[in-house]
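**Student:** Everything in the sequence shown is counted per the working numbering, starting at 2 for the first residue and increasing by one.
Built from N, CA and C at the ideal position, the CB exists for glycine as well.
Everything numeric in this text was worked out from a predicted model, so none of it was measured.
Mind having a look at this structure? Questions to follow.
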Amino acid sequence: MRLQKYLAKCGVASRRKSEELIRLGEVTVNNIIIKEMGHIIEPSVDIITVNGEKIDLVEEKIYIVLHKPKGYITTVSDQFDRKKVIDLIDLDERIFPVGRLDYDTSGLLVLTNDGELTYTLTHPKHKVEKTYIAIIKGVPTEKELKLFVEGLHVEDYVTSPAKIRIIESFDNKSTVEIKISEGRNRQVRKMCHAINHPVIELKRIATGKLILGNLIEGNWRYLSQGEIKQLTKR
Numbered sequence: 002m003r004l005q006k007y008l009a010k011c012g013v014a015s016r017r018k019s020e021e022l023i024r025l026g027e028v029t030v031n032n033i034i035i036k037e038m039g040h041i042i043e044p045s046v047d048i049i050t051v052n053g054e055k056i057d058l059v060e061e062k063i064y065i066v067l068h069k070p071k072g073y074i075t076t077v078s079d080q081f082d083r084k085k086v087i088d089l090i091d092l093d094e095r096i097f098p099v100g101r102l103d104y105d106t107s108g109l110l111v112l113t114n115d116g117e118l119t120y121t122l123t124h125p126k127h128k129v130e131k132t133y134i135a136i137i138k139g140v141p142t143e144k145e146l147k148l149f150v151e152g153l154h155v156e157d158y159v160t161s162p163a164k165i166r167i168i169e170s171f172d173n174k175s176t177v178e179i180k181i182s183e184g185r186n187r188q189v190r191k192m193c194h195a196i197n198h199p200v201i202e203l204k205r206i207a208t209g210k211l212i213l214g215n216l217i218e219g220n221w222r223y224l225s226q227g228e229i230k231q232l233t234k235r
């Protein structure tokens, strides 16, 4: 980050005024006076002072919601050079996906640099409900729906109670709404497979009370203060 930008972000002064402080020799980086503009620093490593006072960056918390398209992975790096959700977001600040959405799943994904919120939304003890709309093969029977609700044996674990309701059925397919409060890998797909109704299409439409709404696929927006408060309220 450029030194004058860092000073401005720390609230020392405006960027123009920060440049003036640098020209006057009032700013040091690792005990060396810096007078040239555009000097690059590493905030997490370098020690910056202004008139002898150490300056630390208080990281601004960022909260956004993305309508993730299919074909993107929810990691910040990938050894196979696949498309990443972070590629869809044009921000200087470093943010991270909260939880995951499968490569073939679309819908609501929260990204933030707030570790506490990430913990709140992903730790099982908080039981944050995620809502999905799925198109599945066939039409589940009442018995299969009951198994889904009571808990299913999936690989080496039993799922927590979930909710499922049929919205409509057509051409030997069904559109269902599914609500779960766990976040295991590909869990919705595995649960549907366990009742013999594999997923054809899957989209997450809500996390807790945060809804995707009419956000266009591939686009993102900042969360409102009300939405942030609702998500962090526990």
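1. Where are the beta strand (DSSP E) runs, 3 residues long or more, that stay fully inside the region 92 to 161, in chain order?
2. According to DSSP, residue 194 sits in a beta bridge with which residue or residues?
3. From this set, 210, 214, 205 and 24, which residue's C-alpha is nearest residue 105's C-alpha?
4. Tell me the residue span of the alpha helix (DSSP H) that contains residue 175.
5. Quick check: does the Cβ of residue 47 come within less than 7 Å of any heavy atom belonging to the ligand HEM?
6. State whether the region 160 to 177 contacts the region 99 to 116, with contact taken as three or more CB pairs (one from each stretch) at a distance under 8 Å.
7. Considering only residues of the same chain and omitting the five flanking positions on each side of residue 40, which have a CB-CB separation below 6 Å?
8. Any chance the region 89 to 107 sits against the region 67 to 75, with 3 or more Cβ pairs inside 8 Å?
9. By how many angstroms is the C-alpha of residue 101 removed from the C-alpha of residue 226?
10. Going by C-alpha to C-alpha distance, which of 143, 141, 118 and 63 sits closest to residue 91?
11. Determine the extent of the alpha helix (DSSP H) in which residue 233 is found, giving its start and end residues.
12. Any chance you could list the beta strand (DSSP E) runs of at least 3 consecutive residues sitting entirely within the region 44 to 100, in chain order?
13. Please state whether the Cβ-Cβ distance between residue 130 and residue 45 is less than 8 Å.
14. Determine which residues share a DSSP beta bridge with residue 164 and list them.
15. Reducing DSSP to helix, strand and coil, say where residue 9 ends up.
16. Tell me the residue span of the beta strand (DSSP E) that contains residue 206.
17. From the DSSP secondary-structure annotation, give me the bridge partner or partners of residue 170.
18. Based on Cα-Cα distance, which residue from 8, 31 and 12 lies nearest to residue 23?
19. Smallest Cα separation from residue 61: which of 121, 12 and 158?
20. Leaving out five residues on either side along the sequence, give the residues of the same chain with a beta carbon under 6 Å from the beta carbon of residue 207.
21. Express the C-alpha separation of residue 47 and residue 103 in angstroms, rounding to a whole number.
22. Please name the residue in 193, 29, 32 and 187 whose C-alpha comes closest to that of residue 175.
**Tutor:** A quick look at the data gives this:
1. 107 to 113 and 131 to 138
2. Residue 194 is not bridged to any residue.
3. 205
4. Counting along the chain, residue 175 falls outside any alpha helix (DSSP H), though it belongs to the beta strand (DSSP E) covering 174 to 181.
5. Looking at this structure, you won't find the ligand HEM or any other ligand, since it has none at all.
6. no
7. 4
8. yes
9. 23 Å
10. 63
11. 226 to 233
12. 49 to 51 and 64 to 69
13. no
14. 180
15. helix
16. 200 to 208
17. 175
18. 8
19. 12
20. 132
21. 38 Å
22. 193
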